[in-house]
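Written out below as structure tokens is the structure these notes cover.
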Amino acid sequence: MDVRFATNPDDARHYGTDELRRRYLVQGMFTPGELRLTYSHQDRVVLGGAVPLAEPLRLGAYDPLRTAYFAERRELAVFCTGGRGTVTADGAEFDLGPRDLVYLGMGTREIALSSADPADPARLYLFSTPAHQAHPAVLVRESDVEGVELGSPDNANVRTLRKYVDGTTVRSCQLMMGYTALAPGSVWNTMPAHTHVRRTECYLYFDLGPDDRVLHLMGRPEESRHLVVADREAVISPSWSMHSGAGTANYSFVWAMAGENYDFADMDHVAMDELR
Numbered sequence: 001m002d003v004r005f006a007t008n009p010d011d012a013r014h015y016g017t018d019e020l021r022r023r024y025l026v027q028g029m030f031t032p033g034e035l036r037l038t039y040s041h042q043d044r045v046v047l048g049g050a051v052p053l054a055e056p057l058r059l060g061a062y063d064p065l066r067t068a069y070f071a072e073r074r075e076l077a078v079f080c081t082g083g084r085g086t087v088t089a090d091g092a093e094f095d096l097g098p099r100d101l102v103y104l105g106m107g108t109r110e111i112a113l114s115s116a117d118p119a120d121p122a123r124l125y126l127f128s129t130p131a132h133q134a135h136p137a138v139l140v141r142e143s144d145v146e147g148v149e150l151g152s153p154d155n156a157n158v159r160t161l162r163k164y165v166d167g168t169t170v171r172s173c174q175l176m177m178g179y180t181a182l183a184p185g186s187v188w189n190t191m192p193a194h195t196h197v198r199r200t201e202c203y204l205y206f207d208l209g210p211d212d213r214v215l216h217l218m219g220r221p222e223e224s225r226h227l228v229v230a231d232r233e234a235v236i237s238p239s240w241s242m243h244s245g246a247g248t249a250n251y252s253f254v255w256a257m258a259g260e261n262y263d264f265a266d267m268d269h270v271a272m273d274e275l276r
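Residues in the sequence shown are numbered from 1 upward in steps of one, following this note's numbering.
Put into structure tokens, the structure is as follows:
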């Protein structure tokens, strides 16, 4: 488990490209046959990827968490970005197809991840937050979630947003999660940008071609920075940082949040003339 310490904007303004990528970009999560996790001190989230092959991959006890098992004091969502797989939680099996999600509440002791076909393995994205309440496990199909249509062709930002875990479809302690898909010909997401100082948000970009990239905008609005992001790479966005992006082609991204306020609409919007 990789560990990333929290950062503040006064320090971040001095980071060069390599330092920005080292602190905020999460790469190499989807390695065949492995489960790779990153623990961030930004709201103490854990994010990672699993690509099970012939044998299941199991979440264990990790020293940075100092608990007897992974979800002893945590909740977890697993989102399938491709392939088909199964999440087994305390003996209950949840079969996931592309863009399906399973939520597991605090206190789930045994968690295993497997693929239906090792030749075309599941690519499973994991996002976990601290929890103080236990909520039941819920399987959410993409077809269960009504999409919200946003944007316009004139602004190259036509997109469909789906909320999986936000207190409506699934109730959680503090974890929020969903995904947004851009239409062909659209490249911009979340512009105008926003911040939310009560929550950390992470973006996992996927559905990108091998030669496609997203320029992810971050930092204080008056002093922006960018990261060049490839397929199935994630960005940790601290509460003080805006988050937006533009791609070389249309793409999808999983958004996941943790923090003090359990309100999806709690955002501080940034006017275009404030951006620098």
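Ideal Cβ placement from N, Cα and C applies to all residues, glycine included. Please read these numbers as outputs of a predicted model, since none were measured by experiment.
Determine the burial state of residue i: buried for a count of at least 16 other Cβ atoms within 10 Å of its Cβ, exposed for fewer.
i	result
G33	exposed
P238	buried
N189	buried
N250	buried
R74	buried
L221	One point to set straight first is that residue 221 is Pro, not Leu, in the sequence displayed. It is buried - the Cβ of P221 has at least 16 other Cβ atoms within 10 Å.
V228	exposed
R36	buried
G85	buried
E55	exposed
A288	With the chain covering 1 to 276 only, the question about residue 288 has no answer from this structure.
Does the Cβ-Cβ distance between residue i and residue j come in under 9 Å?
i	j	result
A68	G105	no
A230	L47	no
C80	R99	yes
R225	A12	yes
S128	A77	yes
H196	N261	yes
So what does DSSP say about residue i, is it helix, strand or coil?
i	result
D120	coil
Y69	coil
T160	strand
L20	helix
E274	helix
D266	coil
D207	coil
E142	helix
A258	strand
A181	strand
Bridge partners for residue i per DSSP, in chain order?
i	result
P130	R74
D43	D43 pairs with nothing; no bridge assigned.
N295	Because residue 295 is not part of the residues shown, which for the chain are 1 to 276, the question remains open.
V3	Y39
D95	T86
At least 3 beta-carbon pairs within less than 8 Å: the segment 151-167 vs the segment 114-125: no
message = Counting beta carbon pairs with one atom in the segment 24-43 and one in the segment 86-98, are three or more of them shorter than 8 Å?
response = no
- Message: Does the segment 253-272 come into contact with the segment 132-146, if we say contact requires no fewer than three beta-carbon pairs (one atom in each stretch) closer than 8 Å?
- Response: no
Note to self: Does the structure place the segment 50-64 close enough to the segment 239-252 that three or more beta carbon pairs sit under 8 Å?
What the structure shows: Too few Cβ pairs lie closer than 8 Å, so no.
- Should the segment 210-218 be regarded as contacting the segment 162-174, the criterion being three or more beta carbon pairs within less than 8 Å? no
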